[in-house]
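Q:
Number of protein chains: 4
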Amino acid sequence: MSSELIDDEGELVSPATGRPLTKRGEATRRRLLEAAEVVFAEQGYHEASIVKITERAGVGLGTFYLYFDSKQSIFEALVIDLNRRVRHAMSEAMADAGSRLDAERAGFAGFFRFTAEHPALYRVVREAEFVSPEVLRLHYTRIVDGYEAGLRAAQRAGDVDPELDPATTAWALMGMGELIGMRFLLWERDADGRPPAAMDPAVFDAMSRFIDNALAPRTQEPTQKDEKG
Amino acid sequence: MSSELIDDEGELVSPATGRPLTKRGEATRRRLLEAAEVVFAEQGYHEASIVKITERAGVGLGTFYLYFDSKQSIFEALVIDLNRRVRHAMSEAMADAGSRLDAERAGFAGFFRFTAEHPALYRVVREAEFVSPEVLRLHYTRIVDGYEAGLRAAQRAGDVDPELDPATTAWALMGMGELIGMRFLLWERDADGRPPAAMDPAVFDAMSRFIDNALAPRTQEPTQKDEKG
Amino acid sequence: MSSELIDDEGELVSPATGRPLTKRGEATRRRLLEAAEVVFAEQGYHEASIVKITERAGVGLGTFYLYFDSKQSIFEALVIDLNRRVRHAMSEAMADAGSRLDAERAGFAGFFRFTAEHPALYRVVREAEFVSPEVLRLHYTRIVDGYEAGLRAAQRAGDVDPELDPATTAWALMGMGELIGMRFLLWERDADGRPPAAMDPAVFDAMSRFIDNALAPRTQEPTQKDEKG
Amino acid sequence: MSSELIDDEGELVSPATGRPLTKRGEATRRRLLEAAEVVFAEQGYHEASIVKITERAGVGLGTFYLYFDSKQSIFEALVIDLNRRVRHAMSEAMADAGSRLDAERAGFAGFFRFTAEHPALYRVVREAEFVSPEVLRLHYTRIVDGYEAGLRAAQRAGDVDPELDPATTAWALMGMGELIGMRFLLWERDADGRPPAAMDPAVFDAMSRFIDNALAPRTQEPTQKDEKG
DNA sequence: AATGAATGAGAATTCATTCAT
DNA sequence: GATGAATGAATTCTCATTCAT
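Chains as they are written, first to last, in our numbering: chain Y, 56 to 284; chain P, 56 to 284; chain L, 56 to 284; chain B, 56 to 284.
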């Protein structure tokens with residue numbers, strides 16, 4: 056998987072004037088986006104408000120509308136931004152993996168690391184389902200497409216069970232990773248009630264065994280469906 | 056996995072009067088809950104409104120507060136209700152499975168069947184994350200607990216890789232099933248743009264192979280981690 | 056001209072619920088309409104605000120939306136109400152006029168009397184041109200239709216120049232009356248800067264002579280159009 | 056009626072600097088005024104915005120405040136400009152009229168012609184009543200003063216009923232012309248839904264008869280006012 | 001047990017105007 | 001002269017909840 060950075064907008068333009076952004080404008084836009092990440096993550100979409108975002112960004116309320124059309128539009132921009140960043144983190148992590156399966160594992164490790172550092176990812180992305188279903192699909196699809204390409208390559212290399220359907224498997228892995236991350240990173244609290252800095256290695260290893268089992272080519276075809284006969 | 060039906064409320068009482076519900080009262084409560092299922096599923100939590108629910112239930116607005124404390128409280132009641140029903144559907148499906156692994160498969164089949172028939176499940180349950188995180192945890196946990204118990208039993212019976220951690224694996228399966236359901240049931244549309252009545256068997260089989268691989272005891276320990284050596 | 060009261064709405068319904076109004080509801084609606092008349096007249100459409108209207112009506116802000124869809128919709132209702140009332144005032148005034156021309160004069164007198172008592176008429180109705188052009192047309196048309204019918208009858212009775220086109224003449228009369236009312240009633244101020252209680256009789260007489268000239272059948276056809284020949 | 060052009064501003068100065076305008080400055084100011092005419096006419100005062108005006112004028116937003124104090128001030132400047140132009144059009148039209156009454160007719164013709172060519176006149180001028188009542192009075196008064204002077208001259212020449220009060224009559228004529236113009240020019244649409252290029256001659260003739268009747272000296276005093284005795 | 005009129009806190013959004021460049 | 005980013009007061013409208021009937 057290449058580590059290309061997919062840029063979602065060619066050139067940023069002001070929704071108010073339709074003109075491309077100046078240097079100053081781009082900086083303001085970024086501050087708004089950063090503020091939005093915090094506010095949406097802490098309060099959720101509906102509790103969040105434009106004033107809260109602009110206050111946190113340190114700009115006037117009206118300024119918001121110079122850069123975004125609406126609350127929903129900054130939310131979407133944020134999801135796309137997070138998606139780009141998480142995929143970037145995953146690619147980086149996979150960059151120097153030895154084998155295909157190692158790469159897969161490294162990708163998950165990168166994903167969990169990013170999640171631990173940016174809990175906003177879950178909170179924001181999962182809420183997108185109810186705010187902007189299309190961007191949510193985009194988000195999942197972009198990640199899953201990466202998995203799928205990786206799986207196909209691994210199958211060609213003989214590292215992955217050739218009988219597995221890459222698409223279904225990719226979605227399975229995505230769902231697995233997402234829920235494991237939710238359960239063992241976001242829900243987890245240490246003795247002091249604070250979130251863990253990273254995924255518990257024991258859990259990661261357990262998950263790895265699950266994945267390895269699932270993906271590895273069968274050494275001998277079991278007679279599974281008739282196993283009781 | 057036992058097919059116990061967890062009843063979440065001992066005796067229903069009116070939040071307004073604190074008195075137990077009459078027959079007529081119980082019927083009204085149920086109508087409200089049914090209306091809520093439709094309205095929440097169609098419009099989402101925030102778009103939904105009490106008036107829409109009472110109108111659909113065919114009762115006066117004020118009546119609502121005879122049975123529920125608030126919008127959030129009927130939502131939570133609905134999530135718990137759906138959880139009870141989906142677990143029931145899964146238990147039923149697993150009831151006459153041959154082997155442990157068959158039961159696992161049957162459980163997923165039951166889950167998908169329920170999902171196809173009650174799309175509200177996803178829409179409502181997943182939104183619970185942002186409305187009532189505690190009930191969402193309850194929902195996931197209750198289902199996962201079932202998986203976990205099943206896995207332990209299967210491990211004891213030698214049907215499942217004894218090296219797998221049951222808890223992690225259960226969450227992995229839950230996430231996998233959830234995302235496969237979302238992608239291949241809820242997002243899927245046929246030529247006429249209508250949702251499929253059931254999960255595509257090919258996808259189900261592909262997923263089954265993935266699960267079988269993951270869970271089956273290894274016939275011989277692969278040297279995977281050292282495969283480059 | 057008959058003195059029928061044109062009722063513009065069969066049965067009043069709540070825009071929020073679509074249900075017919077109760078006694079209490081109708082009273083509240085009326086209070087809002089009365090408040091709106093004062094507020095729109097004093098401040099104009101754009102300076103007026105829903106809060107100002109509800110405060111003056113002594114009801115909560117939200118109550119407004121039980122009876123009207125929007126600021127524009129109460130404005131339209133008010134124009135229609137004023138139209139009904141001014142036409143009623145005119146009909147009453149014309150009721151016991153001796154001749155056709157007397158009736159015409161009496162109609163204007165009634166119009167000016169209503170205007171003096173309800174300056175809101177002008178302020179609100181004329182502003183309708185920029186808020187709701189359709190209701191403005193309705194307003195003018197309804198009054199002009201009355202004039203026109205009166206003129207036709209008078210022509211048949213031989214009281215009005217048969218060569219005059221009733222439609223054009225009716226609009227001419229409407230415009231005349233409107234501007235005379237504006238100039239000599241609404242703009243007029245006495246020594247203390249207060250608006251006059253009624254139209255100056257001298258002006259009314261001057262206007263009457265103008266109308267009498269315009270409408271009366273010519274005793275002999277002047278050679279006016281050919282006067283240069 | 057003389058054809059003097061009343062110039063409302065001696066020398067144009069920048070409201071920002073207080074300095075007289077350069078050639079280039081005057082051109083920019085004029086472009087803004089022309090843009091304002093279109094924008095105010097199309098959208099009305101409140102829908103119009105400074106940005107829309109500057110965009111149409113092709114200048115930067117800030118430039119606006121080099122030439123006008125405020126939205127209201129450019130609006131007022133526009134009304135005064137339109138008033139000057141419509142009076143000019145009327146004077147031109149009356150220039151070579153034969154008789155006094157012909158001149159009166161010609162004046163109306165000129166007014167209607169200008170209206171047909173510049174629908175902005177009505178839209179802008181009539182809205183002035185709610186934006187800047189003083190300029191509206193100025194507008195009406197300046198036109199009416201012209202009528203009144205014409206009427207007095209015509210009375211001295213024996214062309215107009217000496218019993219008519221010139222002031223009242225002038226306002227009556229103004230109102231009449233205004234409403235006829237509104238009804239038969241601005242509201243009128245042909246089969247294709249497009250506004251007519253000019254006033255329907257039949258309507259104009261009908262109106263002329265009305266005016267002729269109203270103004271012409273009575274050949275014999277009718278017994279109208281005593282008709283009931 | 002049922003009803004629905006009344007409420008008001010709260011949120012999104014617009015735009016005339018300023019001012020540093 | 002010209003520009004356009006920044007501002008925030010002000011407005012409309014929604015809806016969960018209360019309570020008198």
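All residues carry an ideal CB built from backbone N, CA and C; glycine is no exception.
Taking contact to mean 3 or more Cβ pairs, one atom from each stretch, closer than 8 Å, check whether the segment 85-96 of chain P and the segment 146-156 of chain P are in contact.
A: Not touching, per the Cβ criterion.
Q: Rounded to a whole number of angstroms, what is the C-alpha to C-alpha distance between I235(P) and E184(Y)?
A: Approximately 15 Å between the Cα atoms of the pair.
Q: Report yes or no: do three or more beta-carbon pairs, one from the segment 170-188 of chain Y and one from the segment 131-142 of chain Y, lie closer than 8 Å?
A: At 8 Å Cβ cutoff, the stretches touch.
Q: Please tell me whether, using a cut-off of 7 Å, the distance from the CB of F169(B) to the nearest non-hydrogen atom of the ligand NAD is below it.
A: In terms of ligand content, the structure shown is empty, and the ligand NAD therefore cannot be addressed.
Q: Should S69(P) and L121(P) be called a contact, given that it needs their Cβ atoms to be closer than 8 Å?
A: A contact, by the Cβ cut-off of 8 Å.
Q: Grab me the residues of G165(B)'s own chain with a C-beta within less than 6 Å of its C-beta, minus the 5 sequence neighbours each way, in chain order.
A: These residues qualify, in order along the chain: A144, M145, A148.
Q: So, using beta-carbon positions, are F95(L) and F123(L) closer together than 8 Å?
A: For F95(L) and F123(L), no; Cβs fall outside 8 Å.
Q: Assuming G232(P) is part of the alpha helix (DSSP H), what are its boundary residues?
A: Here the alpha helix (DSSP H) through G232(P) covers 221-236.
Q: Would you kindly report the start and end of the unbroken alpha helix (DSSP H) that includes M254(Y)?
A: M254(Y) -> no alpha helix (DSSP H), and no H or E assigned at all.
Q: If the cut-off is 7 Å on Cβ atoms, which residues from the segment 254-266 of chain B count as contacting chain L, listed in chain order?
A: Within the segment 254-266 of chain B, the qualifying residues are V258, A261, M262, R264, F265.
Q: Counting only Cβ pairs nearer than 7 Å, list the residues of chain L close to F166(B).
A: Per Cβ cutoff of 7 Å: no residues; F166(B) is ~13 Å from chain L at best.
Q: Skipping 5 residues on each side, what residues in its chain have a beta carbon closer than 7 Å to that of E81(P)?
A: So the list reads L67, once near-sequence residues are dropped.
Q: What residues from chain L crowd round H101(B), counting only those whose CB sits closer than 7 Å?
A: In chain order: H101.
Q: What residues in its chain sit with their C-beta under 7 Å from that of W226(P), if we drop five residues either side in the sequence?
A: Same-chain partners within the cutoff: V199.
Q: On the DSSP bridge list, what partners appear for P75(P)?
A: Beta-bridge pairing links P75(P) to V68(P).
Q: Is there a C-beta anywhere in chain Y that falls below 8 Å from the one on A269(P)?
A: A269(P) counts as touching chain Y.
Q: List the residues of chain B whose Cβ lies closer than 7 Å to the Cβ of M231(L), in chain order.
A: Within 7 Å Cβ-Cβ: A227, G230, M231.
Q: Against chain L, with Cβ distances strictly below 8 Å, would F185(B) count as a contact?
A: Yes, F185(B) lies at the interface with chain L (some Cβ there is under 8 Å from its Cβ).
Q: Measuring straight from C-alpha to C-alpha, what distance separates L133(Y) and E233(Y)?
A: Roughly 19 Å between the two C-alpha positions.
Q: Quick one: what's got a C-beta closer than 8 Å to V180(P)'s C-beta in the same chain, skipping five residues either side?
A: If we look at V180(P) and ignore the five residues flanking it on each side, its Cβ neighbours are V134, L137, N138, L191, H194.
Q: Taking the alpha helix (DSSP H) that G205(B) falls in, what are its first and last residues?
A: It spans 188-211 - the alpha helix (DSSP H) in which G205(B) sits, taken as one unbroken run.
Q: Considering Cα atoms alone, identify which of S125(L), D260(L), E203(L) is closest to P221(L).
A: Closest option to P221(L), Cα to Cα, is E203(L).
Q: Could you give the distance in angstroms between the alpha-carbon of F239(Y) and the alpha-carbon of A209(P)?
A: One C-alpha to the other measures close to 24 Å.
Q: At a Cβ threshold of 8 Å, is T224(B) touching chain L?
A: For T224(B), the answer is yes, since a Cβ of chain L falls inside 8 Å of its Cβ.
Q: Which of helix, strand or coil does DSSP assign to P272(Y)?
A: Of the three classes helix, strand and coil, the one that applies to P272(Y) here is coil, per DSSP.
Q: Look at A103(P) and R86(P) and say whether their C-beta atoms are less than 8 Å apart.
A: Taking 8 Å as the Cβ cut-off, A103(P) and R86(P) do not qualify as a contacting pair.
Q: Taking 8 Å as the cut-off, decide whether the C-beta atoms of V215(Y) and Y100(Y) are in contact.
A: No. Outside cutoff.
Q: Take P250(Y) as the anchor and find which of E172(Y), A257(Y), K107(Y) has the nearest alpha-carbon.
A: Here the closest residue by C-alpha is E172(Y).
Q: Following the continuous alpha helix (DSSP H) through F239(L), name the residue where it begins and the one where it ends.
A: Note, F239(L): premise wrong, no alpha helix (DSSP H); not H, not E.
Q: Going along the chain, which residues of the segment 107-133 of chain Y sit with their C-beta nearer than 8 Å to a C-beta in chain P?
A: Residues: none.
Q: Where does H291(L) fall in DSSP's three states?
A: This structure does not reach residue 291(L), given that chain L is present from 56 up to 284, and the question cannot be answered.
Q: Taking DSSP as the reference, what is the three-state secondary structure of R140(P)?
A: Correct three-state label for R140(P): helix.
Q: Taking the alpha helix (DSSP H) that A152(B) belongs to, which residues open and close that run?
A: Unbroken run through A152(B): none, as it is neither H nor E.
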